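Under this note's numbering, the first residue of the sequence shown carries the number 5, and numbering increases by one thereafter. Using N, Cα and C, we set each Cβ at its ideal position, and we do this for glycine too. As the structure is a prediction and not an experimental result, all values here were calculated from the model.
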Amino acid sequence: MVLQAEEGRLTTPAVRVLVATAVPAERDAVARAFTGDVLAVGVGPARAAAGTATALARAPYDLVVSAGIGGGFAPHAPVGSLVVADEITAADLGAETPEGFLPVTELGFGTVTHRPPRSLVRALAEATGARTGAVLTVSTVTGTAARATALRERHPTALAEAMEGFGVAEAAALHGVPVLEIRAVSNPVGPRDRAAWRIGEALAALTEGFGKLTPVLESWKSA
Ligand SMILES: O=C(O)c1cccc(C(=O)CC[C@H]2O[C@@H](n3cnc4c(=O)[nH]cnc43)[C@H](O)[C@@H]2O)c1
């Protein structure tokens, strides 16, 4: 490991973190509390993968974080709560069959799940008070109770859904970089009621969570 001279002392270099959000409002909420690189890469897994892969090709990073607001599965992840993913799963990448949904892995292709470093997830949850569980990546925001129930039945540990985590994780995996996903819950997963989304509350929770992140990342890097 290269050592840096800082005020006459030798220190280990800071952990290099890339945070990828979907939209600028999420980027700004993270950047209010966090000094690493924060990029708004766009909405959906494809834009998120492309934007993250481009950033990773330009500079070296130790960790990539997919972050933003998300839908929470009630009652496990209420509005305003923070979720750190112990599993980032593409929930609609596969095939429908008369017998039900088949993930691409059961069709013989690719992957549908990425797992963030367990010790880091645990440490972050302790530091921030976040809940830990699966965060699902969907290309279509869930808009019915039936779909919410089907997703929880298929993914019993799911706490939240969002639209970018799996894309960010695929890009990170291609570059051999560990990944995290952190979501602040703005709305329940279920019947669509966009007017009821508590975006301000969720963005404030995101800022507060990232304010507690840096010491955890520093001790993880040096561990
Ligand atoms: O209108 C605004 O001011 C505003 C500010 C910040 C973010 C937004 C978004 O619309 C972000 C879209 C982003 O949010 C994720 N998301 C949020 N809730 C859900 C959900 O229930 N299911 C899936 N995704 C959700 C998602 O990652 C979107 O990319 C607006």
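What residue range is occupied by the uninterrupted alpha helix (DSSP H) comprising residue i?
i, result
"Val83", "Counting along the chain, Val83 falls outside any alpha helix (DSSP H), and DSSP gives it neither H nor E."
"Thr4", "Missing from the structure shown is residue 4; the chain here goes from 5 to 227 and no further."
"Glu174", "169 to 178"
"Thr101", "Counting along the chain, Thr101 falls outside any alpha helix (DSSP H), though it belongs to the beta strand (DSSP E) covering 98 to 101."
"Val34", "28 to 35"
"Leu111", "First-last for Leu111: undefined, no H or E at that position."
"Thr153", "149 to 158"
Helix, strand or coil, according to DSSP, for residue i in the structure here?
i, result
"Phe214", "helix"
"Thr16", "In this predicted model, Thr16 has a pLDDT of only 46, less than 50, meaning its place in the structure is not dependable enough to derive any value."
"Arg202", "coil"
"Trp224", "helix"
"Ala24", "strand"
"Gln8", "Because Gln8 carries a pLDDT of 40, less than 50, the predicted location of this residue cannot be relied on, and the following value inherits that uncertainty. In this structure, Gln8 counts as strand in the three-state DSSP scheme."
So the candidates are the options; which of them puts its Cα closest to the Cα of residue i?
i, options, result
"Thr93", "Glu165, Arg135, Lys225", "Glu165"
"Pro219", "Glu130, Glu174, Ala188", "Glu130"
"Val87", "Lys216, His159, Thr58, Gly133", "Gly133"
"Arg31", "Glu174, Arg119, Ala206", "Ala206"
"Glu91", "Thr211, Thr136, Val69, Ala200", "Thr136"
"Leu140", "Ala35, Gly48, Arg36, Val42", "Gly48"
"Ala200", "Leu210, Val189, Ala209, Ala208", "Val189"
"Pro160", "Val27, Ala173, Glu100, Ala95", "Ala95"
"Ala154", "Ile203, Ser143, Gly104", "Gly104"
"Ala149", "Gly76, Tyr65, Leu106, Thr211", "Gly76"
"Arg158", "Leu106, Pro120, Ala61", "Leu106"
"Ala54", "Val108, Gly180, Glu174", "Glu174"
Per the DSSP calculation, residue i is bridged to which residue(s)?
i, result
"Val189", "Gly74"
"Val139", "Ile92, Ala164"
"Val68", "Leu22, Val183"
For the beta strand (DSSP E) holding residue i, just list the boundary residues, first then last.
i, result
"Ile104", "Note on residue identity: the sequence assigns Gly, not Ile, to residue 104. Gly104 -> beta strand (DSSP E) spans 104 to 107."
"Gly55", "Gly55 -> not in any beta strand (DSSP E); alpha helix (DSSP H) instead, spanning 49 to 62."
"Ala164", "162 to 166"
"Val42", "41 to 44"
Quick one: is the Cβ of residue i within less than 7 Å of any heavy atom of ligand 3?
i, result
"Pro121", "Inclusion of ligand 3 in the displayed structure is not the case, the ligand content consisting of ligand 1 alone."
Sequence-ordered residues whose beta carbon comes within less than 7 Å of a heavy atom of ligand 1: Ala26, Val27, Ala29, Glu30, Val47, Gly48, Gly72, Ile73, Gly74, Gly75, Val142, Val145, Thr146, Glu165, Ala166, Met167, Glu168, Ser190, Asn191, Val193, Trp201, Ile203, Leu207
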